[in-house]
Amino acid sequence: MARADAMSQEALQACIQDEQTYQFTHFSHRDAWELGHALVSACEQMGAPLAVEIEVNHVIVFRYYPDGTGAYHEQWLRRKRNLVNLLEKSSQRAFYELEVNHEDLERDWLLPRSDYAACSGAFPIRIRGGSVIGVAAVSGLPDPGDQIALLNGLRAYFETQQA
1 MARADAMSQE
11 ALQACIQDEQ
21 TYQFTHFSHR
31 DAWELGHALV
41 SACEQMGAPL
51 AVEIEVNHVI
61 VFRYYPDGTG
71 AYHEQWLRRK
81 RNLVNLLEKS
91 SQRAFYELEV
101 NHEDLERDWL
111 LPRSDYAACS
121 GAFPIRIRGG
131 SVIGVAAVSG
141 LPDPGDQIAL
151 LNGLRAYFET
161 QQA
């Protein structure tokens, strides 16, 4: 149990570091288009169909559902996005916070699983030194696959667009 707790704590710290690393200097709808394409490319490299969505100010500004994805993935994206909008942190970070604190999404955080999902795949779009203005999310792989695809896409975007 102690080893699992230590591993979860390390993973939590990695999530926090990712959120500090991937903050934006600006973010327009054009940036959403560019990030969306970077995410689609990263998802394609995973070898499985992943749905991609970017929301800015509660409006979906980029959405891509490749063959093999659909309404099921749309529901996962909605639930992950809701969690990020509420907590202003990644859905993966929320998962590890629950795990480290031995808490439950519904029992302890009072968030119904029908509307919120604490799992990999959704990330806050935060303006550096400011607020969260949106969410980037992917869905289609079991944990931690969505998060890996998401971080690969963010990394590629930042290497070319926010450098």
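Okay, so the sequence shown: first residue is 1 according to my numbering, each after it adds one. For each residue, glycine too, the CB sits at the ideal point set by N, CA and C. Please read all numbers here as calculations on a predicted model, not as lab measurements.
Check: Taking all protein chains shown into account, do 16 or more other C-beta atoms lie within 10 angstroms of the C-beta of Q92, making it buried, or fewer, making it exposed?
Finding: buried
Margin query: Within the continuous alpha helix (DSSP H) that includes F158, where are the two ends?
Written below: G145 to T160
Notebook entry, point to check: Opposite S139 in the DSSP bridges: which residues?
Noted result: A51
Next item on the list: May I ask you to report which of helix, strand or coil DSSP gives A122?
Entry: strand
Next item on the list: Specify, as a first and last residue, the run of the alpha helix (DSSP H) that L62 falls within.
Entry: The question names Leu, yet the displayed sequence has Phe at residue 62. That residue, F62, is in no alpha helix (DSSP H); its beta strand (DSSP E) goes V59 to Y64.
Check: To the nearest whole angstrom, what separates the beta carbons of A38 and G153, a pair I think is in contact under 8 Å?
Finding: 5 Å
Item checked: Enclosing alpha helix (DSSP H) for Y72 [first to last residue] -> A71 to L87
Checklist line | As assigned by DSSP and simplified to three states, the class of G68 | finding: coil
Next item on the list: In the DSSP assignment, find the alpha helix (DSSP H) that holds Q23 and state where it starts and stops.
Entry: Careful: Q23 lies outside any alpha helix (DSSP H) and carries neither H nor E.
Notebook entry, point to check: For R113, is the classification buried or exposed, using 16 other Cβ atoms within 10 angstroms of its Cβ as the cut-off for buried?
Noted result: exposed
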